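Start counting the sequence shown at 0; every next residue gets the next number (numbering that gives the first Met the number 0).
All C-beta atoms, glycine included, are put in the ideal place defined by N, C-alpha and C.
Since we're looking at a predicted model, the values are computed, not measured.
Here's the structure we're looking at; comments come further down.
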Amino acid sequence: MHLSRPARVALRVGAVLGFAVIYVPLLLVVVNSLNPDRSSGWPPPGLTFDWWRDAWHSAGARDALWTSLKAGVGATAIALVLGTLVAFAVSRYRFFGREAISFAVVLPIALPGIVTGVALNTAFRTVLEPIGIGLGLFTVIVGHATFCVVVVFNNVAARLRRFAGSYEEAAMDLGADTFRTFRDITFPLMRSALAAGGLLAFALSFDEIVVTTFTAGAGVQTLPIWIFSNMARPQQAPVVNVVAVVLVLLSVIPVYVAQRLSSDTAAGSRV
0 MHLSRPARVA LRVGAVLGFA VIYVPLLLVV VNSLNPDRSS GWPPPGLTFD WWRDAWHSAG
60 ARDALWTSLK AGVGATAIAL VLGTLVAFAV SRYRFFGREA ISFAVVLPIA LPGIVTGVAL
120 NTAFRTVLEP IGIGLGLFTV IVGHATFCVV VVFNNVAARL RRFAGSYEEA AMDLGADTFR
180 TFRDITFPLM RSALAAGGLL AFALSFDEIV VTTFTAGAGV QTLPIWIFSN MARPQQAPVV
240 NVVAVVLVLL SVIPVYVAQR LSSDTAAGSR V
């Protein structure tokens with residue numbers, strides 16, 4: 000499609016403005032994390048790493064980071080198992096209700112987080128509390144897994160659609176049993192999709208705050224909740240900026256790696 004010069008200029012200006020709206024605020028957070036002024040005055044009078052040292056020695060921030068890591072790893076593990084199994088069932092077999100199951104798996108990512116949070120909170124209090132299991136890290140992991148399953152399912156299902164089952168059929172025709180076929184054929188072909196889905200699931204869990212608020216209870220505080228609860232404290236503002244930068248980095252890196260793994264180039268190199 001050929002565009003006139005004014006149209007190309009307008010598109011470029013619109014793209015620059017769009018990216019500026021997204022990334023300039025993030026850049027300001029990075030600058031404020033190095034700003035020696037506790038009130039985040041602008042322009043900054045200099046640069047300092049004192050707030051990074053204070054953040055490192057903040058017991059609350061470290062505990063919240065550790066909690067987020069445990070919740071992310073737990074939710075990712077559950078999502079990898081369930082998402083992969085459902086993806087194989089839906090992609091490789093034909094049965095009654097297949098489309099309904101596919102829709103039910105994808106639906107949680109489309110629901111408003113507050114609706115999911117309220118529903119999970121009610122379910123946990125109704126089902127788990129009577130048997131002595133209160134809101135805590137376990138309920139946070141289960142809550143995060145409900146929507147992390149979606150990204151694993153989508154990645155695995157997309158990869159299964161890219162290669163036919165003839166590879167596995169050929170291996171079985173040559174004498175390989177089911178487990179040998181999975182180890183030598185299926186898993187190598189699915190490896191990058193599983194890694195990409197797992198990384199995206201971890202990033203999605205790591206920065207989740209709405210569902211966490213309803214499922215964590217009083218004794219569990221993840222890093223996003225720690226940031227939110229300390230934003231209103233002026234003395235904590237510089238440390239909050241530092242923790243926010245760390246949260247951005249820990250979210251961006253898995254997404255970037257997952258994007259590279261799930262790209263067509265990466266997929267083609269493994270088939």
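With burial defined as no fewer than 16 other Cβ atoms inside 10 Å of the residue's Cβ, what is the status of residue i: buried or exposed?
| i | result |
| --- | --- |
| P24 | exposed |
| R93 | exposed |
| R7 | exposed |
| A14 | exposed |
| G196 | buried |
| P223 | buried |
| V270 | Residue placement at V270 cannot be trusted, given a pLDDT of 44 that sits under 50; the coordinates are not used to answer. |
| H56 | exposed |
| P129 | exposed |
| P5 | exposed |
| A19 | exposed |
| R158 | buried |
| G131 | exposed |
| L46 | exposed |
| Q235 | buried |
Round the Cβ separation of residue i and residue j to the nearest angstrom and send it over; I've been treating them as touching at under 8 Å.
| i | j | result |
| --- | --- | --- |
| T214 | T138 | 5 Å |
| K69 | L26 | With a Cβ gap of about 30 Å, K69 and L26 do not count as contacting. |
| L84 | L193 | Wrong, their Cβ atoms sit about 12 Å apart, outside the cutoff. |
| F201 | T121 | No, F201 and T121 are not in contact; Cβ-Cβ is about 27 Å, not under 8 Å. |
| W50 | V238 | 6 Å |
| W225 | A60 | 6 Å |
| V28 | P43 | Incorrect: roughly 13 Å between the Cβ atoms, too far for contact. |
| I208 | I140 | 15 Å between Cβ atoms; not a contact. |
| L188 | F162 | 6 Å |
| S250 | F186 | The pair is not a contact, with the Cβ atoms about 28 Å apart (cut-off 8 Å). |
| G142 | L127 | Contact doesn't hold; Cβ gap of about 12 Å is too wide. |
| L81 | S191 | Actually they do not touch by this definition, with Cβ atoms about 20 Å apart. |
Output the residue ranges of the alpha helix (DSSP H) runs that lie fully inside the stretch 217-246 and measure 4 residues or longer, sorted by chain position.
222-229
Could you tell me which whole alpha helix (DSSP H) segments of length 4 or greater appear in the stretch 86-164?
97-109, 112-126, 136-161
Please confirm if the stretch 100-109 is in contact with the stretch 172-181, defined as three or more CB-CB distances below 8 Å between the two stretches.
no
Kindly confirm or deny that the stretch 81-99 and the stretch 219-238 touch, where touching means at least three C-beta pairs closer than 8 Å.
no
Quick check on the DSSP output: what are the complete alpha helix (DSSP H) runs of length 4 or more inside the stretch 3-77, in order along the chain?
4-32, 49-55
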